[in-house]
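Novice:
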Amino acid sequence: MKRAMLLVTGLLVVSFAAACGMFESKLTPGREVFAAIGTDDWHHGTIMKDCPGGLSVKLDGDVEGCYPKEKIVLDQPPQAGEIKPGVRVLAQFQNGNYLPGVVKSIVQTKYNIAFVGGELGVDSLEQLRLLP
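Residue numbers for the sequence shown follow the numbering used here, so the first one is -5 and each next one is one higher.
(1) If you drop the 5 nearest sequence neighbours on each side, which residues of the same chain put their C-beta closer than 8 Å to that of residue 87?
(2) Please classify residue 74 as buried or exposed, where buried requires at least 16 other C-beta atoms within 10 Å of its C-beta.
(3) Here's a check: name, in chain order, each residue in its chain whose Cβ is nearer than 6 Å to the Cβ of residue 40, leaving out the five neighbours to either side.
(4) I'd like to confirm the pairing. Which residues does DSSP put opposite residue 123 in its beta bridges?
(5) To which residues of the same chain is residue 63 closer than 7 Å at the C-beta, ignoring the five residues directly before and after it?
(6) What residue does the beta strand (DSSP E) around residue 51 start on, and which one ends it?
(7) Expressed to the nearest angstrom, what Euclidean distance is found between the alpha-carbon atoms of residue 71 and residue 83?
(8) So what's residue 75 in DSSP terms, helix, strand or just coil?
(9) Please confirm whether residue 85 and residue 54 have their CB atoms less than 9 Å apart.
(10) For residue 91 versus residue 100, is the C-beta spacing smaller than 9 Å?
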């Protein structure tokens, strides 16, 4: 009897979550994102539409291309609880561009980042984006 009740409760929760759109992708047309061109070259843009194999992103500067979803991240700062040492992020570099790196340590509200090129930086939460 308990199993049946748990099963029914679980199904209701999943149905409610689906109805509220909790399982829908946040990568939808109009959203601002960063898209990777190559391995470590990320550019800001806006999702335009679906395309074969991914999403069409219009990069700042009016160049539009089709990118696989795993090469696109939302231009949205993470929650503080999502960032821990060892987490891969896009972080704002000294020149204002966003580059991939790894969180090395956290001191109060500052995040010490080791960028892929070996450089070190310190960013605030607002300057970070989670990488897949």
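Note that the Cβ used here is the ideal one computed from N, Cα and C, for glycine as well.
Specialist: In this structure, then:
(1) Residue 87 sits at position 93 when you count from the first residue of the sequence shown. So the list reads 93, 109, 113 and 115, once near-sequence residues are dropped.
(2) As a position in the sequence shown, residue 74 is number 80, starting the count at 1. Exposed is the call here.
(3) On the sequence shown, residue 40 is found 46 positions in, with the first residue counted as 1. Cβ within range, chain order: 26 and 52.
(4) Here residue 123 refers to the residue found at position 129 when the sequence shown is read from its first residue. DSSP lists 84 as partners of residue 123.
(5) Here residue 63 refers to the residue found at position 69 of the sequence shown. Excluding five sequence positions before and after residue 63, the CB atoms of its chain that fall closer than 7 Å to its own CB belong to 21, 48 and 49, given in chain order.
(6) In the sequence shown, counting from the first residue as 1, residue 51 sits at position 57. First-last of the beta strand (DSSP E) with residue 51: 48 to 53.
(7) Taking the first residue of the sequence shown as position 1, residue 71 is located at position 77. Taking the first residue of the sequence shown as position 1, residue 83 is located at position 89. Going by the C-alpha atoms only, they are around 10 Å apart.
(8) Residue mapping note: residue 75 aligns to position 81 of the sequence shown, counting from 1. Correct three-state label for residue 75: helix.
(9) On the sequence shown, position 91 is the one that residue 85 refers to. On the sequence shown, position 60 is the one that residue 54 refers to. Contact flag unset, no.
(10) Indexing the sequence shown from 1 puts residue 91 at position 97. Indexing the sequence shown from 1 puts residue 100 at position 106. Result no, Cβ atoms of residue 91 and residue 100 do not sit closer than 9 Å.
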